[in-house]
């Protein structure tokens with residue numbers, strides 16, 4: 006739970022920005038969202054814990070993990086991360102009891118929550134079993150079930166793991182999406198399918214409406230005139246209406262929509278999430294392959310923008326132009342391109358050649374989109390802001 | 006297959022030397038053995054492919070992978086490594102056929118061979134299935150079954166994976182060990198149980214006998230005297246006997262034993278492998294915890310050598326003294342200590358403080374052993390030599 010006092014920080018740190026294979030400058034997919042001091046992780050490719058060690062993200066603060074799809078480059082880091090986070094290494098010699106064998110499932114021991122498509126739970130349960138891994142704290146897996154998925158069951162013949170909470174939900178779609186899979190008083194998460202080579206989802210993180218901008222000069226004279234305590238200012242700030250001693254009613258400024266962050270997994274067509282994602286303050290969209298004939302020496306002589314797009318789509322992915330077009334469609338205010346092929350190094354902060362390539366990729370996205378565009382690199386951090 | 010012409014290089018590269026959790030200077034367990042140009046891997050903790058990228062080991066040359074036990078810190082890097090080695094990333098969009106769906110199982114497509122205890126096959130098969138991973142070349146898993154294991158079956162309800170060869174063997178023990186689980190004309194591998202918190206094995210890699218040292222002065226006068234072709238020298242070098250024209254018989258120098266390398270997994274008592282491991286030229290032995298009262302600020306005031314050893318053993322591990330005692334018992338010529346707690350950084354090549362600690366650890370092992378002792382660090386490389 007993020008807390009009741011509202012969000013100050015809503016900060017994204019890219020822990021990995023590579024598609025498929027890691028390079029020396031980009032790791033597999035993972036993204037940390039910091040909400041005040043809590044951390045939510047989106048995807049968890051191999052060596053995400055190594056990236057966390059090198060970043061400012063605190064592993065012990067991770068409360069929830071959202072998986073977009075179960076391809077290895079998005080999930081192979083999950084079991085080792087759980088083992089490190091939750092005291093899951095090692096075991097005891099014969100005759101020495103391991104205290105982790107009997108997990109305390111009580112309200113003081115709130116499980117790490119993991120969300121993902123069908124197979125997420127089975128992957129974790131099987132992986133923990135065959136590696137003899139016991140965790141020092143529980144976890145729970147909530148699965149987003151597609152209409153073609155079995156609506157119930159765990160998709161594995163293995164029974165519940167000793168460290169697994171039995172409260173994992175199988176969440177069916179409502180009108181083609183998964184609304185409010187998590188919510189508290191200040192934040193909610195919804196999900197929707199996006200098209201890829203395997204079942205894949207995007208996540209929409211929405212902040213509850215926040216207090217409107219308040220002009221004190223509009224209220225203070227009235228409060229003074231009626232000798233009303235200045236303490237009502239905080240009620241007005243929250244958007245409430247206050248009746249004064251003389252019957253005058255003051256109306257606080259109407260609450261404004263909170264921030265909206267959209268994080269997509271791999272996709273060649275995210276249209277099913279368009280409505281939920283509408284007016285995002287920040288959209289993270291993959292851009293695996295680009296056609297850069299003058300810059301990329303690997304360009305084939307017969308390649309065209311059309312042929313590269315067709316090949317990219319056939320593998321379930323997007324070009325920068327496709328990402329830009331989607332950002333324009335939903336009216337996103339800031340587009341962060343992510344999930345680049347290993348052929349595009351991620352050291353564009355120090356290498357002029359790489360910088361030229363990433364700028365060219367951003368320009369391709371800008372052909373269809375006029376908002377702010379950023380190309381992600383590992384350890385890049387950015388705030389989600391009302392633009 | 007290593008080849009028929011004998012081994013020149015027999016080189017070990019330590020890709021990870023940490024127990025349990027990685028640090029900035031030590032990764033999880035993995036070790037590459039280079040035999041001429043082939044590579045065999047022993048254990049494969051998370052981010053082993055990242056370590057390979059930073060080393061001189063060639064991923065594409067890996068032919069066999071030996072797992073000592075299925076604890077996560079020894080196996081979590083295996084699936085992502087297979088995916089990277091064997092073109093296992095990604096997939097295709099709806100309506101586009103994935104050529105990896107139908108694996109060609111023929112003799113030209115020799116599978117990557119993986120050896121490990123019960124659960125290795127199930128771990129891989131389940132992990133590939135739930136991550137939708139198809140490989141571009143086949144793999145096979147041979148399991149070393151303990152007497153208490155089921156002798157048959159795959160230990161999972163899942164059927165064979167599309168990329169998995171059906172020729173995986175379940176290898177029973179013979180007299181308490183697994184002799185010759187692999188052999189060709191110049192190298193063989195045997196395995197034996199070692200005691201840990203979960204079923205765990207050690208591997209013994211033995212080179213076939215090699216030609217003895219030859220003194221040409223002993224043969225050349227005889228060959229000249231009898232006008233025998235000098236080409237028989239190569240037969241003599243191989244240890245053969247040659248009859249000359251006058252009936253004299255020359256005997257080549259007797260073949261000497263080849264090199265022997267012993268790689269142990271985690272253990273608090275490796276005695277079941279002692280006989281197989283006898284007279285090893287190089288022994289890799291874990292030394293997870295040490296009592297270093299003057300050097301390690303985390304030392305508890307009540308700790309003694311005895312209490313640290315008892316705690317270490319209760320978790321299935323060894324101290325340097327235990328490693329030294331075993332090296333002395335089997336008559337090993339070179340002991341490499343490995344698998345250190347995260348509290349011992351691995352940058353002792355550049356940091357004098359760390360160097361002092363690693364030297365102290367080596368001295369503890371030397372209390373019971375007078376041979377050569379080396380403390381492993383990541384990317385350290387050493388040849389297996391007849392000492």
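Protein chains in written order, with this note's numbering: chain A, 6 to 392; chain B, 6 to 392. Backbone N, C-alpha and C fix where the C-beta goes; we use that ideal spot for every residue, glycine too. For clarity, every value in this text was computed on a predicted model and none was experimentally measured.
Proximity below 8 Å, CB of residue i to CB of residue j
i: residue 252(A); j: residue 74(A); result: no
i: residue 268(A); j: residue 36(A); result: yes
i: residue 3(B); j: residue 68(B); result: Missing from the structure shown is residue 3(B); chain B here goes from 6 to 392 and no further.
i: residue 99(A); j: residue 24(A); result: no
i: residue 344(A); j: residue 304(A); result: no
i: residue 342(B); j: residue 290(B); result: yes
i: residue 87(A); j: residue 144(A); result: yes
i: residue 389(B); j: residue 287(B); result: yes
i: residue 4(A); j: residue 259(A); result: Absent from the model: residue 4(A). The displayed extent of chain A is 6 to 392, so no value can be given.
i: residue 315(A); j: residue 373(A); result: no
i: residue 15(B); j: residue 266(B); result: yes
i: residue 427(B); j: residue 182(B); result: This structure leaves residue 427(B) out entirely; chain B is present only between 6 and 392.
i: residue 245(B); j: residue 257(B); result: yes
i: residue 273(B); j: residue 336(B); result: no
i: residue 295(A); j: residue 26(A); result: no
i: residue 12(B); j: residue 192(B); result: yes
i: residue 103(B); j: residue 139(B); result: yes
i: residue 101(B); j: residue 319(A); result: yes
i: residue 161(A); j: residue 131(A); result: yes
i: residue 146(B); j: residue 137(A); result: no
i: residue 386(A); j: residue 17(A); result: yes
i: residue 384(B); j: residue 60(B); result: yes
Candidates the options, of which the one nearest residue i by Cα
i: residue 285(A); options: 34(A), 167(A) and 391(A); result: 391(A)
i: residue 175(A); options: 198(A), 69(A), 189(A) and 124(A); result: 124(A)
i: residue 171(A); options: 333(A), 126(A), 327(A) and 86(A); result: 126(A)
i: residue 49(A); options: 152(A), 129(A), 14(A) and 15(A); result: 129(A)
i: residue 65(B); options: 141(B), 135(B), 95(B) and 332(B); result: 141(B)
i: residue 234(A); options: 220(A), 222(A), 250(A) and 136(A); result: 250(A)
i: residue 167(B); options: 135(B), 280(B) and 156(B); result: 135(B)
i: residue 155(B); options: 165(B), 139(B) and 178(B); result: 178(B)
i: residue 22(B); options: 371(B), 363(B) and 93(B); result: 363(B)
i: residue 277(A); options: 356(A), 187(A), 239(A) and 201(A); result: 201(A)
i: residue 1(B); options: 219(B), 44(B) and 103(B); result: Because chain B spans 6 through 392 in this model, residue 1(B) falls outside it and cannot be assessed.
i: residue 213(A); options: 230(A), 241(A), 195(A) and 223(A); result: 195(A)
i: residue 122(A); options: 97(A), 199(A), 228(A) and 313(A); result: 199(A)
i: residue 357(B); options: 237(B), 261(B), 59(B) and 300(B); result: 300(B)
i: residue 58(A); options: 339(A), 313(A) and 89(A); result: 89(A)
i: residue 173(A); options: 149(A), 153(A) and 184(A); result: 149(A)
i: residue 263(A); options: 70(A), 221(A) and 215(A); result: 215(A)
i: residue 219(A); options: 297(A), 106(A), 205(A) and 241(A); result: 241(A)
i: residue 197(B); options: 371(B), 34(B), 106(B) and 275(B); result: 275(B)
i: residue 114(B); options: 375(B), 339(B), 158(B) and 169(B); result: 169(B)
i: residue 243(B); options: 229(B), 226(B), 261(B) and 227(B); result: 261(B)
i: residue 279(A); options: 72(A), 331(A), 82(A) and 298(A); result: 331(A)
i: residue 76(A); options: 95(B), 232(B), 221(B) and 157(B); result: 95(B)
i: residue 238(B); options: 163(B), 371(B), 302(B) and 221(B); result: 221(B)
Residue i beta carbon near the ligand ZN (any heavy atom closer than 7 Å)
i: residue 188(B); result: Among the components modelled here there is no ligand, and therefore nothing to report on the ligand ZN.
### Task
Please confirm if the stretch 365-380 of chain A is in contact with the stretch 51-67 of chain B, defined as three or more CB-CB distances below 8 Å between the two stretches.
The answer is no - the stretch 51-67 of chain B does not touch the stretch 365-380 of chain A, with fewer than three Cβ pairs under 8 Å.
#### Entry: Within 7 Å of chain B by C-beta, residues of the stretch 119-149 of chain A in sequence order
124, 127, 128, 131, 132, 135, 136, 137 and 138
### Message
Could you tell me which whole alpha helix (DSSP H) segments of length 4 or greater appear in the stretch 283-328 of chain B?
### Response
310-319
### Task
Please determine if the stretch 323-331 of chain B and the stretch 356-370 of chain B are in contact, where contact requires at least 3 C-beta pairs separated by less than 8 Å.
Counting Cβ pairs under 8 Å, three or more are found: they touch.
### Task
Flag this pair as touching only if the stretch 24-34 of chain B and the stretch 346-355 of chain B have three or more C-beta atom pairs under 8 Å; answer yes or no.
Under the three-pair Cβ rule at 8 Å, the stretch 24-34 of chain B counts as touching the stretch 346-355 of chain B.
### Query
Unbroken beta strand (DSSP E) runs of length 3 or more, entirely within the stretch 144-223 of chain A: which are they?
144-149, 183-188, 192-199 and 205-212
### Task
Would you list, in chain order, the members of the stretch 254-274 of chain A that have their beta-carbon closer than 7 Å to a beta-carbon of chain B?
273
### Task
Please specify which runs of the alpha helix (DSSP H), each continuous and at least 4 residues long, are wholly inside the stretch 40-128 of chain B, giving them in chain order.
Here the runs fully enclosed are 53-59, 77-80 and 83-90.
### Query
For the stretch 157-173 of chain A, which residues have a beta carbon sitting closer than 9 Å to at least one beta carbon of chain B?
160, 161, 162 and 163
### Query
Which residues, in chain order, does the stretch 80-95 of chain A contribute to contact with chain B at a C-beta distance below 8 Å?
80, 81, 82, 84, 85, 88, 89, 93, 94 and 95
### Task
Select from the stretch 16-32 of chain A all residues with a C-beta closer than 9 Å to any C-beta belonging to chain B, and list them in chain order.
24, 25, 26, 27, 28, 29 and 32
### Query
If contact means a Cβ-Cβ distance below 7 Å, which residues of the stretch 63-80 of chain B contact chain A?
Residues of the stretch 63-80 of chain B with a C-beta less than 7 Å from any C-beta of chain A: 75, 76, 77, 78 and 80, listed in chain order.
### Task
Mind checking the stretch 188-215 of chain B against chain A and listing, in chain order, the residues whose C-beta falls within less than 7 Å of any C-beta there?
202 and 203
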